[in-house]
Amino acid sequence: MASIFELPDDLIATLIENFPCRDAQIRALVTLLYPRAAPCRNLIIHGTEATGKSAVTARLLEALSSSATSDSEPLLNYAIVKSAECVTARHLFERTVGSVADALKEEGGGAIGRCETLAALTVELTKLLKYDQRHGKERRFVLVFDGIDRQREAPPTLLPALARLSEIIPNLTTIFILTAPSPSLLRVSSAPQLYFPPYTKSEYIAILSRAPYTPPSLPNTTPQEIADLWTRFAAAVHDALAKPASRTLPGLARACAALWPRFTAPVAAGTHRAREFTKLLVAARAYFQDEAVLEPGITLTPTPTPTSTAKGTTAVDKEARGKSTKDLATLLPPTARLLLIAAYLASHNAPRHDQTIFSTWHSGRRRRGGGGISQHVTKRSKHRKIARKLLGPSAFVLERMVAIYAATRREWISGDGEDQVNVTVDGDVGMAIATLASLRLLVRVGGAGGAGDTMDRGGKWRVGVGWEVIRGVGRSMGVEVEEWLVE
Numbered sequence: 006m007a008s009i010f011e012l013p014d015d016l017i018a019t020l021i022e023n024f025p026c027r028d029a030q031i032r033a034l035v036t037l038l039y040p041r042a043a044p045c046r047n048l049i050i051h052g053t054e055a056t057g058k059s060a061v062t063a064r065l066l067e068a069l070s071s072s073a074t075s076d077s078e079p080l081l082n083y084a085i086v087k088s089a090e091c092v093t094a095r096h097l098f099e100r101t102v103g104s105v106a107d108a109l110k111e112e113g114g115g116a117i118g119r120c121e122t123l124a125a126l127t128v129e130l131t132k133l134l135k136y137d138q139r140h141g142k143e144r145r146f147v148l149v150f151d152g153i154d155r156q157r158e159a160p161p162t163l164l165p166a167l168a169r170l171s172e173i174i175p176n177l178t179t180i181f182i183l184t185a186p187s188p189s190l191l192r193v194s195s196a197p198q199l200y201f202p203p204y205t206k207s208e209y210i211a212i213l214s215r216a217p218y219t220p221p222s223l224p225n226t227t228p229q230e231i232a233d234l235w236t237r238f239a240a241a242v243h244d245a246l247a248k249p250a251s252r253t254l255p256g257l258a259r260a261c262a263a264l265w266p267r268f269t270a271p272v273a274a275g276t277h278r279a280r281e282f283t284k285l286l287v288a289a290r291a292y293f294q295d296e297a298v299l300e301p302g303i304t305l306t307p308t309p310t311p312t313s314t315a316k317g318t319t320a321v322d323k324e325a326r327g328k329s330t331k332d333l334a335t336l337l338p339p340t341a342r343l344l345l346i347a348a349y350l351a352s353h354n355a356p357r358h359d360q361t362i363f364s365t366w367h368s369g370r371r372r373r374g375g376g377g378i379s380q381h382v383t384k385r386s387k388h389r390k391i392a393r394k395l396l397g398p399s400a401f402v403l404e405r406m407v408a409i410y411a412a413t414r415r416e417w418i419s420g421d422g423e424d425q426v427n428v429t430v431d432g433d434v435g436m437a438i439a440t441l442a443s444l445r446l447l448v449r450v451g452g453a454g455g456a457g458d459t460m461d462r463g464g465k466w467r468v469g470v471g472w473e474v475i476r477g478v479g480r481s482m483g484v485e486v487e488e489w490l491v492e
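All residue numbers for the sequence shown refer to our numbering, where the first residue is 6 and numbers rise by one.
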């Protein structure tokens, strides 16, 4: 007796060749969609951005619909509706009906009437898919909703209602492509879910080593040397820039394409060989330490007259390179900068010194530089102490940072410290704290982690910038942060 469970092995092999590192997902999709395998009613495909969900699904459905049976008619037909192209729920419904009519080649498919509700959508799809049901029970229609979790103006019952379509219309399979599904997404039982995990480092390198990502040839270099150099180069780019700047496959591919000419410039010039990867990496280490070269932007032509230097470069070029790096002093508003300085002082000064440094009770003016604490030491220590600014930041309570900000804001803004009127903490402070937390310049620590209210006075935080950054931010406000640190 012949088995009723069949899979198109040649089609699977072709898809695996076109989409490497997605073997398990392709086989699961074919099993759940092919009419002669184990077709399902609803299928949830989820995963992060740029993991191949939409591309693999579209290519698989195209291949299954093009494969004909003995009577030269395909066993499967499909329609894909992208929620990014639909501005309202009514637009989504009418686009769905129009796509199904175009897929079935219905006469008058372009003249679709008004379809404003889910009930009207069900009626229209039932009329259209009756044509497909007359040709046998093996034939199925697959309706794909790509990015349905980001649909604008969607009613709360949209996904459960779409999941019920397969119960009303036989031989219909509905696919939902999402980012992160909730446990009660469709409100139906036994809906299979297919997860597309993010690519690992080895998978990234394996994909980038295939066409169309392979690099062009280099002079005086064999193809094998270029392949070996490209593999090690892609691994270095992934380790240096994948998490902060290129978290997806297209982003990593663009980063490799942008850095490859700069990385191989010594090889093209003949000063280094392709096998000297360590020397090439040292020569191009500046590109791996800063992702500013990957940021698209507009380059302005400098107006000052360039002044030549001894090495052939110009002073204008040096100034332009120096200003290309993003500076927090120009990106953050004044309140956020002052709070960031206060957070740095709270992280690097002990709480017992706050009364001495920031209080005006003794002399009417604040005592900087630790308030002369180091002058009272009579016995010299046998071991040299490490400067506080060179140590790691410690946790502090949010209320302490706001108190430092309130005590020093007038002096830091005016510079003379004479106008000491009542300083209140307004809504700008809460907004600035939320901005610093979203930029990871302030990191919440403790058991709660990032949960809870941001303005909780008892929440513990830690500053997320170093000494060089905070010194630049302080000098932009006319504040020498070193004078407020206790050695």
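Backbone N, C-alpha and C define an ideal beta-carbon position, used for all residues, glycine too.
On a predicted model such as this, the values are computed, not experimentally measured, just so you know.
Closest by C-alpha distance to residue 258, out of 271, 352 and 243, is 243. For residue 23, the uninterrupted alpha helix (DSSP H) run begins and ends at 14-23, by DSSP. Contact check for residue 184 against residue 51 passes: the beta carbons are separated by less than 8 Å. With a cut-off of 8 Å on Cβ pairs, the stretch 60-67 is not in contact with the stretch 123-134, counting fewer than three such pairs. The residue among 270, 288 and 438 with its C-alpha nearest the C-alpha of residue 340 is 438.
Put simply, the stretch 464-479 touches the stretch 337-353. At least three CB pairs are less than 8 Å apart. DSSP, read as helix, strand or coil, puts residue 206 in helix.
Exclusion of the five residues before and after residue 29 leaves no residue of its chain whose Cβ lies closer than 8 Å to its Cβ.
For residue 58, the enclosing alpha helix (DSSP H) begins and ends at 58-71.
Here residue 101 is buried: its Cβ has 16 or more other Cβ atoms, across all protein chains shown, within 10 Å. Remark: three or more beta-carbon pairs, one from each stretch, lie closer than 8 Å, so the stretch 147-158 and the stretch 82-95 are flagged as touching. Under the three-pair Cβ rule at 8 Å, the stretch 12-23 does not count as touching the stretch 157-173. Taken through DSSP and simplified to helix, strand or coil, residue 183 comes out as strand. Between residue 161 and the set 62, 48 and 122, the nearest pair of CA atoms involves 122.
In this structure, residue 358 sits away from residue 398, with a CB-CB distance that is not shorter than 8 Å.
In this structure, DSSP gives residue 295 a state outside helix and strand, which the three-state scheme calls coil. Within the same chain, Cβ atoms closer than 8 Å to the Cβ of residue 345 are found at 333, 337, 441, 446, 447, 468, 470, 475 and 478, the five residues on either side in sequence being excluded. Taking a C-beta distance under 8 Å as the contact criterion, residue 466 and residue 400 qualify as a contact pair. Linking residue 417 to residue 411 through their CA atoms gives a straight-line distance of about 10 Å.
Between residue 180 and residue 49, the alpha-carbon positions lie close to 6 Å from each other.
When DSSP states are grouped into helix, strand and coil, residue 229 belongs to the helix group. Residue state for residue 48 is assigned as strand, using DSSP reduced to three classes. Residue 135 has its alpha-carbon roughly 33 Å from the corresponding atom of residue 188.
Inter-segment contact for the stretch 269-284 and the stretch 222-242 is present: three or more beta-carbon pairs are separated by less than 8 Å.
Ranking 343, 166 and 490 by CA distance to the CA of residue 435 puts 343 first.
Out of 278, 362 and 152, the CA that lies nearest to the CA of residue 486 is found in 362. Taking a C-beta distance under 8 Å as the contact criterion, residue 289 and residue 268 qualify as a contact pair.
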